[in-house]
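Going by the working numbering, the sequence shown opens with residue 1416, and the numbers climb by one from there.
Take a look at the structure set out below.
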Amino acid sequence: MNEVLKKSWPKELPDKLEYRLGEKPLHEYLLQNAKELPDKPGYIFYGNTIAWKKLEDYMRSFAGFLKIQGIKKGDCVGLYMQNCPQYLIAHYAVQMIGAIVVPLNPMYKESELDYFINEGEIKAIVLGDELYTQVDNIKDNMSSLQFLVTTNYADFLPESLTLPIPDELLSKKKDIENAFDMKRMMDSVDPLIETEPIDIWNDVGLMVFTSGTTGRPKAAMLTYGNALFKTAATVHSYRLEQEDKTLASAPLCHIAGMVMGVNIPVYRALSCVLLTRFDPEAAIKAIEDYKINKLYTVATMNAAIVNYPEIESRDLTSLELNFATSFGMQVDEQLAQKWKSLTNGCVLLEAAYGLSETHTCDTFMPIEHIKYGTCGIATYDTKIRIVDMETGEDLPPGEQGEIVVKNPGVFKGYLNRPDATEETLRDGWVFTGDIGKVDEDGYLYFNGRIKEMIKSSGFSIFPEDVESLMSDHEAISQVACIGVPDASKGEIVKAYVVLKPQYKGKISENELIDWAKDKMAAYKYPRSLEFIDSLPATSSGKVLRRLLKE
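Written as structure tokens, this is what we have:
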């Protein structure tokens, strides 16, 4: 299989991955950028240009504050906010002192946060001040949580905005007594001078929540080296240069959005226009005004731009390369041709295959030899096997089985979950729970998921998570959730509910959906619900979701 995997390796790329500044954590790359390119724009936020030296100053100041507050190497710090410069500053400040970044999706509601904060043993949270109430209402449940730091997005907005902006970014700054103000702390605290020594391949710098193969979300522990490797592999396989300009609108709290928006600009010292979230008009205007030439998107973003009113009159001709992810719709040849025509030549291709446990980007698409419908070929230093799902034996090219991956991006395991770690991580190989095949040219096909994770609009939804939250309703006796196809979102959650006898005929499906909408992130709550007398289950009581799908 290894020979097949290398069969289509581009002749334009070196065989061996060499790190631009050597094997060091990415925050050290940021410090080097500040030293060598102090005035070069690092990030541009709705017209506010932040040069590399200024980013270093912010990072050192916030790291100094965290250290004064007692955060030390190995401690977990949650980041709970929209895309913004404060996210980037906090991410690298946390890692500068050897602590661990724990991204928390700003769509999470209280019951979800309660679980994640306790599961991750989070000691501090940096959050948008509009989200403060969510955390304040549950903070007494959290034995590990020591303090909160709030930030207002307007702290990093210019007086004159250059791009359309969501209303919540213009909300008035809140004066919160029980939290530190991030900007105030950065302006008043002495900067941290010495960075914490890092064992790059062993020290954990990031924990992301993922389902693994089963169960409620678990905290996957990723090292500083995992992040460096996958960032470097992506930069060099797609030949990104220091002169390139990128646009980041995917959520930075997602592993793919993090690689593209947090890591790549720092590793390559390129300039990145940052949007709090995707908006067609803001993205189009950013491409026009800042001459973006390299772009990461989700396929539905491309479709939104292609179908935008009067798009033919806009100038997207600066775009050269657009790597995209097939969430919600496929990155296929038809979409690629529309994109090429609209942009006067920009190449649209599938970005990668990957998962949180491998810091994503395990494959890349050779630019000169694109195969639509595939995830491309194995990236640097990566081995991929396809194994029989029952026997575990390796399968030859063309045969479908479980995708198994090994490379320097592979995680250390799940926090406090040895059994789950043992199930997923075996002798350095990640058993992904995904079904696929490798063809004779070494291209990987992703054909579905063994695990019952639901993918909706690019978000990963864990059935057990939704079921646990739904079970809090007093009328529900049992509940099981599955994913059902949806034309715009890829999949939506459908819940099968067994009501307690006293509630039968007294509560409707829509009432339960409305209740769930208030308790869960917008992408997660069930869009469809059906009452059922009993759930199909094994003799031991395990619910058979596959029978619900059938």
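Using N, Cα and C, we set each Cβ at its ideal position, and we do this for glycine too.
Quick caveat, the model's predicted, so the values are computed rather than measured.
Among Ala1701, Cys1668, Lys1786 and His1669, nearest to Ile1580 - alpha-carbon criterion: Walking along the sequence shown from the start, residue 1580 turns up at place 165. Comparing Cα-Cα distances from Ile1580 to each of Ala1701, Cys1668, Lys1786 and His1669, the minimum goes to Ala1701.
Length of the line joining the Cα atoms of Lys1821 and Thr1847: The count along the sequence shown starts at 1 and reaches residue 1821 at position 406. The count along the sequence shown starts at 1 and reaches residue 1847 at position 432. Taking the straight line joining both Cα atoms gives about 11 Å.
Simplified DSSP assignment, three categories, for Gln1561: Here residue 1561 refers to the residue found at position 146 of the sequence shown. Correct three-state label for Gln1561: coil.
Three-state class that DSSP yields for Ala1466 in the structure shown: Sequence index remark: in the sequence shown, residue 1466 carries index 51 (1-based). Per DSSP, reduced to three states, the secondary structure at Ala1466 is strand.
Own chain partners of Tyr1918 with C-beta closer than 6 Å, once the 5 adjacent residues on each side are dropped: Taking the first residue of the sequence shown as 1, we reach residue 1918 at position 503. Answer for Tyr1918: Ala1890, listed in chain order.
Burial state of Asn1641, where buried means 16 or more other Cβ atoms lie within 10 Å: As a first step, residue 1641 is located in the sequence shown; it is residue number 226 there, counting from the start. Under this definition Asn1641 is a buried residue.
Separation of Ala1569 from Gly1788, as counted between CA atoms: Counting from 1 along the sequence shown, the entry for residue 1788 is found at position 373. Counting from 1 along the sequence shown, the entry for residue 1569 is found at position 154. Their backbone Cα atoms lie some 42 Å apart in a straight line.
For Gln1815 and Ala1665, the rounded distance between their alpha carbons: Residue mapping note: residue 1665 aligns to position 250 of the sequence shown, counting from 1. Residue mapping note: residue 1815 aligns to position 400 of the sequence shown, counting from 1. Going by the C-alpha atoms only, they are around 31 Å apart.
Closest by C-alpha distance to Gly1813, when choosing among Ser1875, Lys1753, Lys1852 and Val1819: Residue numbering aside, residue 1813 sits at position 398 when the sequence shown is read from its first letter. Of the candidates Ser1875, Lys1753, Lys1852 and Val1819, the one whose C-alpha sits nearest the C-alpha of Gly1813 is Lys1852.
Contacts around Val1492, its chain only, beta-carbon distance under 8 Å, and the 5 residues preceding and following it disregarded: As a working note, residue 1492 is residue 77 in the sequence shown. So the list reads Leu1481, Ile1486, Ala1505, Val1509, Ala1514, Ile1515, Val1516, Val1517, Ile1537, Lys1538, Ala1539, Ile1540 and Val1541, once near-sequence residues are dropped.
The stretch 1495-1502 in contact with the stretch 1899-1919 per 3-pair CB rule at 8 Å: Under the three-pair Cβ rule at 8 Å, the stretch 1495-1502 does not count as touching the stretch 1899-1919.
Arg1475 (DSSP reduced to helix, strand or coil): Numbered from its first residue, the sequence shown carries residue 1475 at position 60. In the three-state DSSP reduction, Arg1475 falls in the helix class (H, G or I).
Buried versus exposed call for Pro1878 [16 or more other C-beta atoms within 10 Å across all chains shown]: The count along the sequence shown starts at 1 and reaches residue 1878 at position 463. By the neighbour-count rule (16 or more Cβ atoms within 10 Å), Pro1878 is buried.
Residue environment, Asn1678, which counts as buried when at least 16 other CB atoms sit within 10 Å: Position 263 of the sequence shown holds residue 1678. So Asn1678 counts as buried.
Euclidean distance between Cα positions of Arg1654 and Lys1934: By 1-based counting over the sequence shown, the position of residue 1654 is 239. By 1-based counting over the sequence shown, the position of residue 1934 is 519. Cα-Cα distance, rounded: 44 Å.
C-alpha distance - Lys1939 paired with Val1908, whole-angstrom precision: As a first step, residue 1939 must be located in the sequence shown, where it is residue number 524. As a first step, residue 1908 must be located in the sequence shown, where it is residue number 493. So the alpha carbons of these two residues sit roughly 7 Å apart.
Beta-carbon proximity of Gly1828 to Cys1776, cut-off 9 Å: Counted from its first residue, the sequence shown places residue 1828 at position 413. Counted from its first residue, the sequence shown places residue 1776 at position 361. Taking 9 Å as the Cβ cut-off, Gly1828 and Cys1776 do not qualify as a contacting pair.
CA-to-CA distance, Thr1646 to Leu1420, given in whole angstroms: Here residue 1420 refers to the residue found at position 5 when the sequence shown is read from its first residue. Here residue 1646 refers to the residue found at position 231 when the sequence shown is read from its first residue. Cα to Cα, Leu1420 sits roughly 20 Å from Thr1646.
Residue from Gly1791, Leu1731 and Glu1817 with nearest C-alpha to Asn1759: For the purposes of this step, residue 1759 is taken as the residue at position 344 of the sequence shown. For the residues Gly1791, Leu1731 and Glu1817, the minimum Cα distance to Asn1759 belongs to Leu1731.
Selection from Val1681, Lys1524, Cys1687 and Thr1715 that minimises the alpha carbon distance to Phe1693: Position 278 of the sequence shown, counting from 1, holds the residue named residue 1693. Closest by alpha carbon: Thr1715.
Presumed contact (8 Å Cβ cut-off) between Pro1573 and Leu1546, rounded CB distance: Against the sequence shown, residue 1573 aligns to sequence position 158. Against the sequence shown, residue 1546 aligns to sequence position 131. With a Cβ gap of about 23 Å, Pro1573 and Leu1546 do not count as contacting.
Assigned secondary structure, Met1622 (DSSP; H/G/I helix, E/B strand, else coil): Taking the first residue of the sequence shown as position 1, residue 1622 is located at position 207. Strand at Met1622.
Beta-carbon proximity check, Gly1462 vs Ser1586, cutoff 9 Å: Indexing the sequence shown from 1 puts residue 1462 at position 47. Indexing the sequence shown from 1 puts residue 1586 at position 171. Contact flag unset, no.
Where Asn1448 falls, given that 16 or more other Cβ within 10 Å makes a residue buried: What you label residue 1448 is simply residue 33 of the sequence shown in a count that begins at 1. So Asn1448 ends up on the buried side.
Nearest-angstrom beta carbon gap, Leu1840 and Ile1799 [assumed within contact, 8 Å]: For this step, residue 1799 is matched to residue 384 along the sequence shown. For this step, residue 1840 is matched to residue 425 along the sequence shown. Separation of the CB atoms of Ile1799 and Leu1840 is rounded to 16 Å, and the pair is thereby denied contact status at 8 Å.
Beta-carbon proximity list for Leu1967, same chain, < 8 Å, skipping 5 on both sides: Because residue 1967 is not part of the residues shown, which for the chain are 1416 to 1965, the question remains open.
Inter-residue spacing [alpha-carbon to alpha-carbon] between Pro1951 and Ser1871: What you label residue 1951 is simply residue 536 of the sequence shown in a count that begins at 1. What you label residue 1871 is simply residue 456 of the sequence shown in a count that begins at 1. In a straight line, the C-alpha of Pro1951 is about 24 Å away from that of Ser1871.
Buried or exposed (CB count within 10 angstroms, at least 16 for buried), Thr1661: Here residue 1661 refers to the residue found at position 246 of the sequence shown. Counting Cβ neighbours within 10 Å, Thr1661 comes out buried, since at least 16 surround it.
From Ser1728, Ala1751, Arg1729 and Ile1726, residue whose alpha carbon lies closest to that of Phe1738: To locate residue 1738, count along the sequence shown from 1; it is residue 323. Residue Ala1751 is the option with its Cα nearest to Phe1738.
Cβ-based burial, Asp1683 [other Cβ within 10 Å; buried from 16]: By one-based count along the sequence shown, residue 1683 stands at place 268. Residue identity check: residue 1683 is Arg in the sequence provided, not Asp. Answer is buried; the Cβ neighbour count reaches 16.
C-alpha distance - Asp1854 paired with Ile1699, whole-angstrom precision: On the sequence shown, residue 1854 is found 439 positions in, with the first residue counted as 1. On the sequence shown, residue 1699 is found 284 positions in, with the first residue counted as 1. Distance between the alpha carbons of Asp1854 and Ile1699 is about 37 Å.
Alpha carbon of Met1416 to alpha carbon of Asp1803, nearest angstrom: Numbered from 1 along the sequence shown, position 1 holds the residue referred to as residue 1416. Numbered from 1 along the sequence shown, position 388 holds the residue referred to as residue 1803. Computed Cα separation, rounded: 14 Å.
DSSP-derived helix/strand/coil call for Trp1616: Residue numbering aside, residue 1616 sits at position 201 when the sequence shown is read from its first letter. If DSSP states are grouped into helix, strand and coil, Trp1616 belongs with coil.
Residue environment, Thr1548, which counts as buried when at least 16 other CB atoms sit within 10 Å: For the purposes of this step, residue 1548 is taken as the residue at position 133 of the sequence shown. Exposed: under 16 other Cβ atoms inside 10 Å.
Residue closest to Phe1861, alpha-carbon to alpha-carbon, out of Tyr1768, Lys1422 and Glu1805: For the purposes of this step, residue 1861 is identified with residue 446 of the sequence shown, where counting begins at 1. Nearest of Tyr1768, Lys1422 and Glu1805 to Phe1861, Cα basis: Tyr1768.
CB of His1888 within 9 Å of CB of Trp1930, strictly: In the sequence shown, the residue the question calls residue 1888 occupies position 473. In the sequence shown, the residue the question calls residue 1930 occupies position 515. Result yes, Cβ atoms of His1888 and Trp1930 sit closer than 9 Å.
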